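Protein chains in written order, with the numbering used here: chain S, 7 to 322; chain H, 123 to 472; chain U, 2 to 297.
Written as structure tokens, this is what we have:
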């Protein structure tokens with residue numbers, strides 16, 4: 007398990023380098039350079055060349071990338087061209103907003119999805135099951151921005167209960183968290199249902215019943231205990247995707263998180279900020295996926311054992 | 123269909139009967155058809171005794187066993203008729219709340235496939251301790267202690283209680299399942315083909331161990347198997363099942379040495395003969411009838427070499443041959459009818 | 002078991018028509034799949050109607066006197082902030098979502114199965130390289146890649162296609178690789194090798210066709226996801242831009258007027274939901290039909 011984790015964590019490094027290089031290269035390809043806006047008509051050719059050299063524009067792109075990554079490791083991603091503030095500081099100041107929203111959404115999503123999924127699985131084949139799975143299917147078919155806008159219209163414009171954007175109050179969390187939680191719950195419900203269905207037909211539940219375990223405990227302890235393994239993966243993935251894809255919800259609700267930060271940067275052609283924002287989000291995403299993977303191994307004793315130090319395992 | 127006396131061994135000592143099945147009928151009602159799995163069977167069992175339910179796959183043995191636990195999957199299973207009495211509890215009428223007190227405490231079950239019978243994410247010690255905790259008012263630590271004891275009793279070192287099922291082999295898993303079943307020393311233990319899924323070498327070990335434990339706990343045993351050898355080794359009484367009915371029942375002696383039913387005879391003939399290795403095996407021709415379309419008369423008639431027209435026409439009624447021995451065969455309406463095995467046995471005697 | 006499965010695989014291979022018609026038979030009995038298919042057919046016909054009978058002028062011509070009209074007999078979905086008929090705009094806009102989704106998923110399918118089959122069939126270093134690349138590709142979220150590609154290369158259809166196609170392909174790589182791996186050891190593949198068939202031919206005529214059914218299921222459900230992704234990218238301004246009436250862009254332009262005129266937001270969104278939902282239904286139905294294990 008330990009060696010497996012180390013291997014996976016080490017593999018993180020080339021992945022991050024490759025992915026960030028691709029992003030960096032793409033951003034670098036963009037027409038126009040950092041210095042374009044600094045060039046004034048009074049500048050001589052030498053001045054311009056000097057300015058370009060100052061930003062390493064006379065060197066190959068790989069050189070700039072290497073330098074960029076070296077500074078990234080030190081938490082220095084340059085300064086925003088628009089505000090002049092450090093990219094790292096800007097990002098880390100906005101990140102809690104995104105994380106908080108994602109966590110609240112996740113709680114809402116799981117709170118809806120777990121009972122619904124279990125309910126559907128227990129009533130598999132009945133009208134209740136069809137109804138639940140149908141709603142979940144509609145849920146995964148709805149674009150989050152559209153759902154968000156409908157909620158916004160209903161509960162912010164039509165009935166004025168919740169603010170339409172972030173204003174520092176807890177109430178402003180409600181609409182975005184419900185929107186994003188609803189999206190998460192749709193796919194998690196499906197996952198919960200299928201995981202439970204798979205577990206419900208297992209023989210060990212019969213063993214538990216034969217022991218005299220009550221039906222409630224069968225579901226909660228024995229069935230859910232096993233079904234949780236795939237569900238945890240699903241939930242972890244949801245969290246990773248909601249952090250990386252936060253831009254959509256944040257656009258709808260004007261949420262001052264990392265998504266908004268990045269998109270504003272792109273729109274204002276603030277390349278250092280855009281590049282830094284995207285690469286940091288990527289690293290975050292990849293790390294989340296890794297954590298989900300490790301968590302999966304941690305929850306399932308069967309997988310855990312595969313990586314355990316050799317011990318007597320099977321002896322009749 | 124008043125064949126409730128088909129095996130009536132226990133009348134002499136009423137108080138001792140720990141399991142009584144009467145007129146049990148279980149059907150699986152599917153959309154298009156109804157599977158008649160168990161059709162009116164009755165038997166009873168005294169404390170400490172063992173009965174073997176023998177028959178081919180699909181004879182209704184497992185359904186009978188599940189009915190005793192009231193664990194017949196519903197839907198599609200429907201218990202149409204009958205009563206099951208375990209230690210004074212009318213199992214089929216119990217509410218869920220009362221049922222869960224009986225299961226595991228008074229009656230336990232060992233399942234056929236040990237590979238899937240254990241919860242893969244719970245430590246085996248906890249799985250045994252769970253049973254103890256449910257039925258006895260003991261602390262967590264105490265229950266775990268008991269679990270470790272039980273493990274040692276089934277021949278697994280106690281320190282392995284903290285391991286997960288996947289760390290055990292099939293034979294050891296079955297020992298764990300047995301430990302769970304016996305953890306609260308139940309009065310009745312149902313073993314549904316407990317050794318079928320195991321290697322031949324392990325089978326004998328597990329059976330020996332079960333036999334020892336059965337004596338130790340004075341548990342009544344319902345042994346479900348298609349292996350007559352297992353029955354001979356473990357049981358005092360035998361009930362041979364065919365297409366959901368008990369076609370012959372009696373003591374081990376009655377059924378093995380004084381075989382009456384053509385089907386039982388067929389079972390014996392399809393076993394290799396140890397004394398005469400040259401003898402050819404005589405498998406029973408044909409297949410078990412489709413349980414959704416049972417023939418109107420005797421279910422075995424289409425495969426029976428003694429069958430007459432009368433056999434296919436009417437349902438056979440149970441016939442008491444002796445106090446302990448009952449057979450379900452129309453041919454015995456003719457007092458001179460003898461199956462082949464009996465003829466040779468009689469010749470042997472004379 | 003092994004023998005049996007290889008036998009069924011052989012019969013699948015040499016009886017393709019039989020397999021397809023069997024799949025069809027099973028889909029037909031699944032009401033969800035049939036419903037999904039019917040709705041998709043209607044939507045496709047609607048899109049074709051838009052292509053042949055609605056002109057660009059019709060959907061871009063402004064009419065200041067008709068702004069923000071709610072749905073009526075004259076304007077089924079009402080009019081937008083420029084007085085343009087929303088119904089026409091939505092119908093006209095279907096082509097962007099659909100052609101992009103079909104194009105991107107087809108691209109992912111072709112690229113993904115090609116490399117996946119190679120990886121599965123040849124194993125060894127080829128496998129390692131392809132799978133590592135796949136791992137890396139799958140760790141870039143579509144939205145992020147889309148934002149980068151579009152902001153750098155501009156918001157052309159091709160760029161959107163690239164962004165969505167690239168991020169959709171890892172799934173096909175993994176699935177086709179797994180499928181090819183399971184059939185690789187089968188007798189009929191060995192037989193093909195024995196009669197001297199080239200490796201390429203074996204992969205594409207012997208191994209891959211047997212891996213088709215799970216791929217078809219993925220293809221279908223992936224279509225819905227692609228439509229959502231396109232709409233999301235357009236919504237945040239990195240997809241197809243107004244005045245072109247792509248569905249996500251329409252929702253985006255409607256959000257500023259959601260208070261007086263919610264219909265501008267609602268109707269295009271409904272079409273996204275309808276399309277994605279139909280694909281999801283069809284995908285679920287196909288999965289049940291093709292994989293009896295997962296049936297309830």
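The beta-carbon is built from N, C-alpha and C at its ideal position, and this holds for glycine as well.
Because the structure is a prediction, the values reported are computed rather than measured.
Interface with chain U (8 Å Cβ-Cβ cutoff): residue 152(S) is included. Between residue 138(U) and residue 171(U) the beta-carbon gap is near 5 Å, inside 8 Å, which marks them as a contact. The residue among 256(H), 231(H) and 315(H) with its C-alpha nearest the C-alpha of residue 178(H) is 315(H).
Here residue 99(U) is not bridged, per DSSP, to any residue. Secondary structure of residue 84(U) (DSSP, three-state): coil. Annotation: residue 292(H) to residue 319(H) spans about 8 Å, alpha carbon to alpha carbon. By the rule that beta-carbons nearer than 8 Å mark a contact, residue 273(S) does not touch chain H.
Neighbours of residue 136(S) in chain H, taken as residues whose beta carbon is under 8 Å from its own, are absent, since the nearest beta carbon is some 17 Å off.
Separation of the CB atoms of residue 363(H) and residue 182(H) is rounded to 6 Å, and the pair is thereby assigned contact status at 8 Å. Within the same chain, Cβ atoms closer than 6 Å to the Cβ of residue 232(S) are found at 205, the five residues on either side in sequence being excluded. Taking CB atoms only, residue 303(S) has no neighbour in chain H less than 8 Å away.
Restricting attention to 218(U), 291(U) and 80(U), the CA atom closest to the CA of residue 110(U) is found in 218(U). The three-state secondary structure of residue 156(H), taken from DSSP, is strand.
Taken through DSSP and simplified to helix, strand or coil, residue 148(H) comes out as strand. The beta carbon of residue 163(S) sits closer than 8 Å to some beta carbon of chain U. Shown here, residue 391(H) sits in a helix according to DSSP, grouped into three states. Linking residue 101(U) to residue 202(H) through their CA atoms gives a straight-line distance of about 59 Å. Residues of chain S with a Cβ closer than 7 Å to the Cβ of residue 231(H) are, in chain order, 216. Within the same chain, Cβ atoms closer than 8 Å to the Cβ of residue 80(U) are found at 64, 67, 68, 69, 70, 86 and 87, the five residues on either side in sequence being excluded.
In the three-state scheme derived from DSSP, where H, G and I count as helix and E and B as strand, residue 209(S) is classed as helix.
The segment 213-233 of chain S makes contact with the segment 231-249 of chain H; the number of CB pairs closer than 8 Å reaches 3 or more.
When Cβ-Cβ separations below 8 Å define contact, residue 116(U) makes no contact with chain S. The shortest C-alpha to C-alpha distance from residue 386(H) to any of 300(H), 303(H), 462(H) and 145(H) is the one to 462(H).
Within the same chain, 417, 418, 419, 420, 423 and 424 come within 8 Å of residue 434(H) by CB-CB distance, once the 5 residues on both sides are set aside. Between the alpha carbons of residue 89(U) and residue 82(U) lies a distance of about 14 Å.
Here the alpha carbons of residue 253(S) and residue 264(S) stand approximately 7 Å from one another. For the options 403(H), 257(H) and 343(H), the alpha carbon positioned closest to that of residue 139(H) is the one of 343(H). Bridge pairing for residue 347(H): 176(H) [DSSP]. Contact check for residue 109(S) and residue 292(S): beta-carbon distance about 19 Å, past the 8 Å limit, so the pair fails to qualify. Within chain U, the C-beta atoms nearer than 9 Å to that of residue 149(S) come from 228, 229, 232, 233, 236, 248, 249, 252, 270, 273, 274 and 277, in chain order. For residue 239(H), the nearest CB of chain S lies under 8 Å from its own CB, placing it at the interface with that chain.
For residue 292(S), at least one C-beta of chain U is nearer than 8 Å to its own C-beta. Proximity of chain S to residue 136(U) at the Cβ level (cut-off 7 Å) is accounted for by 21, in chain order. Pairwise C-beta distances place the segment 141-155 of chain S out of contact with the segment 228-247 of chain S, as fewer than three of them are shorter than 8 Å. Under the 10 Å beta carbon count, residue 30(U) is surrounded by fewer than 16 other beta carbons and is classified as exposed.
With contacts defined by Cβ atoms closer than 8 Å, residue 438(H) and residue 451(H) form a contacting pair.
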